[in-house]
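A quick write-up on the structure given underneath.
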Amino acid sequence: MNAPQVPAHLDYVFEMRVEFRPERCIFGPLPGGGHQGYTPCSGGTIYGPRLSGKVVPDSGADFAHVRGDGVVVVNSHYLLEADDGTKIYINNNGYLVPSKPGEGKLVHGVRQPAYFCFSPTFTVPEGPHDWMSRTLIVGVGHRRTDPDHSIFSYYALKSEID
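93 is the number of the first residue of the sequence shown in my numbering; add one for each residue after it.
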């Protein structure tokens, strides 16, 4: 087997804890099956080597489309604020695939999805964080309860020639 012509690796950039309000709106069924949902965020924290700050309270929500096959298409929008005051808009898009009954790892008593991955995009003003608007970033998530929140870990994709 040949080595890749352009090797790549992931660099950890930050982690985000997003806390959710108990109010939810789920409606459907939709044409072709599935449901649409809305879960507002109440705030959160950001910490890591490339970004630290907070999720601005009540600045966004998860807009989830639960397909007929049970896969959740994630589309979430939040406003972040870096420790230096910079405002950053994030749009997370990805998939959450539920674990089959009796399967899936337990984390803090919560059965984790079989797959919870996404690729966010960022709108960032010029300045110390504008690298986020020109870097491909991917993430993985964990669901938690008591209180209801998710932990997202983000990584920058880097080519070996960077």
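C-beta atoms are modelled at their ideal positions from N, C-alpha and C, and glycine is treated no differently. Computed from a predicted structure; not experimentally measured.
Counting the other CB atoms within 10 Å of its CB gives residue 133 a total of 16 or more, which places it among the buried residues. A contact between stretches requires three or more CB pairs, one per stretch, nearer than 8 Å, and the region 180 to 194 meets this requirement with the region 165 to 172. In the same chain as residue 207, and ignoring 5 residues on each side of it, the C-beta atoms closer than 8 Å to its own belong to 187, 188, 189, in chain order. In the DSSP annotation of this structure, the continuous segment of the beta strand (DSSP E) that includes residue 108 starts and ends at 100 to 112. Around residue 120, the same chain offers 126, 127, 128 as residues with beta carbons nearer than 7 Å, after the five sequence neighbours per side are excluded. Leaving aside the five residues that flank residue 117 on each side, the residues in its chain whose CB is nearer than 6 Å to its CB run, in chain order, 130. Per DSSP, reduced to three states, the secondary structure at residue 151 is coil, with no helix or strand assignment. For residue 128, the enclosing beta strand (DSSP E) covers residues 127 to 139. When secondary structure is reduced to three states using DSSP, residue 236 falls in the strand class. Assigned with DSSP and collapsed to three states, residue 225 falls in helix.
Per the C-alpha coordinates, the member of 160, 110, 96 positioned closest to residue 234 is 110.
Per the DSSP secondary-structure output, residue 230 pairs in a beta bridge with 247. Bounds of the beta strand (DSSP E) holding residue 185 are 179 to 189.
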